[in-house]
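In full-length UniProt numbering, the protein residues as written are 1 to 79. Here the structure is laid out as structure tokens; the discussion comes afterwards.
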């Protein structure tokens with residue numbers, strides 16, 4: 001927020017990597033749910049982790065999509 005929107009290559013790569021890792025986690029959880037030796041508690045914990053990770057990644061993406069340079073010193077001090 002101090003610098004405003006930044007769509008440099010490094011930022012775009014990091015954003016894409018975060019979404020790719022989220023997709024990989026979804027695949028792992030899906031594969032794990034079909035494994036016979038996985039307890040229901042572990043399945044539930046893995047699904048919760050997947051939901052939290054997906055929510056967190058989505059929130060970060062939303063913040064990144066709606067960023068602009070802030071100049072109000074009170075708001076900048078708050079951040």
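Glycine is no exception: its CB is placed at the ideal position from the N, C-alpha and C atoms. Remember, it's a predicted structure, so these values are computed and weren't measured experimentally.
- What's the gap between the Cα of residue 20 and the Cα of residue 38? 25 Å
- Roughly how many angstroms lie between the CA atoms of residue 70 and residue 56, to the nearest whole one? 23 Å
- Message: Mapping the DSSP letters down to three states, classify residue 37 as helix, strand or coil.
- Response: coil
- Query: Rounded to a whole number of angstroms, what is the C-alpha to C-alpha distance between residue 17 and residue 63?
  - Reply: 17 Å
- Item | Separation of residue 34 from residue 73, as counted between CA atoms | 53 Å
- Write down the C-beta distance between residue 23 and residue 50 rounded to the nearest angstrom, noting that I regard them as a contact closer than 8 Å. About 10 Å separates the two Cβ atoms, so there is no contact after all.
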